[in-house]
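Asks: When the count follows the numbering used here, it moves up by one through the sequence shown with no breaks and lands on 382 for the last residue.
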Amino acid sequence: MKLGVFTATLQELSLAEALDIVQSLGVESVDFSTGGFGSKAHCDPEVLLTDPARLDRFREEVMGRGLEISALSFYGNPLHPDREVALRHRREFRNTILLAERLGIERIVTLSGCPGDPTEPGYPNWVIYPWPPELVELHRWQWDEVLIPFWAAEAAFAVEHGVRDICLELHAVNLVYNPETLLELRRWVGDVISACVNPGHLFWQGIDPVQALRALSGAIGYVHVTDCRIDPVIAPRNGVLDAKEFRHELDRPWQFRTLGYGHGEETWRHIVLALRLAGYDDVISVEHEDTMLLPADGLRHSIEFLRRVVVREPLRVLEPHPG
């Protein structure tokens, strides 16, 4: 397994400054945010696709530090009920695929998206409760008429341009948010759809990452990591569904945390082992979403923590001794 960093964590810095920090951490790879709701500060596909010299400089900035680009990550909502937002995100997603082709990258990380309803062009509607009855109908419409047709077309476009894995992060407010929904879309669209697993987004949903990884065996395309701490007082009292902003540290039932500040080494060792058992022996890329630590400090703590739990050597299964 290799260690990497998602550079959006360092988006306030220039590309060179961010990569210097990443290099100092001693990791092997980086992945970049390419738009949508995320930053394009380090990697703007529209600019890089139209300026070959700038693309060459971008590539040299990364490779010159002994790093590889493990993925491009686009966090948007191409199914957004506001057509202007949806079209912009669709354009940026396709530009991400085209940039991946130029860079020789076969893996894109993204979100499945979430539509609204057929009559109101307002806000996404994440249906996670089957009542009143019209929500069941809405959920079916979102899948049959929007999600599946869209991703079938995007999967074909991706394959045409050399992308073998569209890794959908299992994330709230998206139609694909857990193993079951990921595998359902994969059945409809094909193996180009895979999972980007981030245990931090599973913990707060009450999902055991080890069980999730077992369910996703053979369908894991990428791994981001954050930790998550469930508040021992607020969560049992109010549950985990909460719309308060993350800055309300003392009032929320859970918060994203730096690795080791939500769950200990034993939990993460089981996760690493489960990844290998599920057939994933590739990059583990660190995100930083902890409001209690500055980004560079959070990354350093997380990388130091991972070095104690990640098995770095490639998995080699010994053949049985003859006789």
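The C-beta atom is built at its ideal place from N, Cα and C for all residues, glycine as well.
Since we're looking at a predicted model, the values are computed, not measured.
1) Extract the residue ranges of the alpha helix (DSSP H) inside the region 222–290, only unbroken runs of 4 or more that lie entirely within it.
2) Consult DSSP for GLY95 and reduce its assignment to one of helix, strand or coil.
3) Going by the CB atoms, is the gap between VAL251 and ILE225 shorter than 9 Å?
4) Going by Cα to Cα distance, which pick from PRO312, ASP286 and TYR281 is closest to THR169?
5) Give a yes or no on whether the C-beta atoms belonging to SER361 and GLY321 are separated by under 9 Å.
6) Should LEU332 and MET60 be called a contact, given that it needs their Cβ atoms to be closer than 9 Å?
7) Could you work out which residue in ASN233, TRP210 and GLN264 is closest to ARG246 when comparing CA atoms only?
8) Residue range of the alpha helix (DSSP H) that GLN201 falls in?
9) When DSSP labels each residue in this structure, what does SER361 get in the three-state scheme?
10) Keeping to the same chain, check which residues put their C-beta closer than 6 Å to that of SER344; ignore five residues upstream and five downstream.
11) Count the other CB atoms, across all protein chains shown, that sit within 10 Å of the CB of PHE305; report buried if there are 16 or more and exposed otherwise.
12) What number of angstroms, rounded off, separates the C-alpha of ASN136 from the C-alpha of ALA212?
13) Hey, is LEU108 close to the ligand HEM, as in C-beta under 8 Å from one of its heavy atoms?
14) Taking VAL232 as the reference, which of VAL222, GLU193 and VAL186 has the closest Cα?
15) Spatial neighbours of PRO354 within its chain, please: CB distance less than 6 Å, with the 5 preceding and 5 following residues excluded, ordered by chain position.
16) So what does DSSP say about ALA294, is it helix, strand or coil?
17) From the DSSP output, in three-state form, read off ILE207 for me.
18) Out of THR155, SER171 and GLY172, which has the shortest C-alpha to C-alpha gap to ILE164?
19) Could you tell me if LEU358 is buried or exposed, where buried requires 16 or more neighbouring beta carbons within 10 angstroms of its beta carbon?
20) I need the DSSP call for PHE305, collapsed to helix, strand or coil.
21) Note the first and the last residue of the continuous alpha helix (DSSP H) segment covering GLU326.
22) CB ARG166 to CB ALA130, shorter than 9 Å?
23) For GLN82, report the span of its alpha helix (DSSP H) as first-last.
24) Among LEU138, PHE96 and CYS287, which one has its Cα closest to the Cα of GLY265?
25) CB-CB under 6 Å to TYR339, same chain, minus the five flanking residues each way: which ones, in chain order?
26) Use the C-beta contact count for SER73: other C-beta atoms within 10 angstroms, 16 or more gives buried, fewer gives exposed.
27) In the DSSP assignment, what are the bridge partners of ASP90?
28) Decide yes or no for the touch test of the region 133–151 against the region 169–180: beta carbon pairs closer than 8 Å, at least 3 of them.
29) Since ALA159 and GLU120 should fall inside the 8 Å C-beta cutoff, what is the C-beta to C-beta distance between them, to a whole number of angstroms?
30) Helix, strand or coil, according to DSSP, for ARG124 in the structure here?
31) By the DSSP assignment, the alpha helix (DSSP H) with THR169 in it spans what residues?
32) Measure the C-alpha to C-alpha separation of ASP176 and GLU193 and round it to an integer number of angstroms.
33) In this structure, what does DSSP give as the bridge partners for ILE343?
Replies: Short version:
1) Runs found: 238–248, 258–262 and 268–274.
2) If DSSP states are grouped into helix, strand and coil, GLY95 belongs with the strands.
3) yes
4) TYR281
5) No, Cβ-Cβ distance for SER361 and GLY321 is not below 9 Å.
6) no
7) TRP210
8) It is not in any alpha helix (DSSP H) - GLN201 carries neither H nor E in the DSSP assignment.
9) Reduced to three states, the DSSP call for SER361 is helix.
10) Cβ neighbours of SER344 within its own chain (closer than 6 Å, five residues either side excluded): GLY63, PHE65, ASP90 and HIS283.
11) exposed
12) When rounded, the distance between both Cα atoms is 16 Å.
13) Ligands displayed in this structure: none; no statement on the ligand HEM is therefore possible.
14) Scanning VAL222, GLU193 and VAL186 for the CA closest to the CA of VAL232 turns up VAL186.
15) THR68, LEU69 and HIS347
16) helix
17) helix
18) The shortest C-alpha separation from ILE164 is found at THR155.
19) Buried, because 16 or more other Cβ atoms sit within 10 Å of the Cβ of LEU358.
20) In the three-state reduction of the DSSP assignment, PHE305 falls in the coil class.
21) Glu is not the amino acid found at residue 326; the sequence shown has Thr there. It spans 324–336 - the alpha helix (DSSP H) in which THR326 sits, taken as one unbroken run.
22) yes
23) 74–83
24) Residue CYS287 is the option with its Cα nearest to GLY265.
25) ILE279
26) Counting Cβ neighbours within 10 Å, SER73 comes out exposed, since fewer than 16 surround it.
27) Residue pairing by DSSP places ASP90 opposite PHE65 and ALA130 in a beta bridge.
28) Cβ pair count under 8 Å is three or more, so yes.
29) Actually they are not in contact, since the Cβ atoms of ALA159 and GLU120 sit about 17 Å apart, beyond 8 Å.
30) coil
31) Premise fails: THR169 lies in the beta strand (DSSP E), 166–169, not in any alpha helix (DSSP H).
32) 11 Å
33) LEU62 and VAL282
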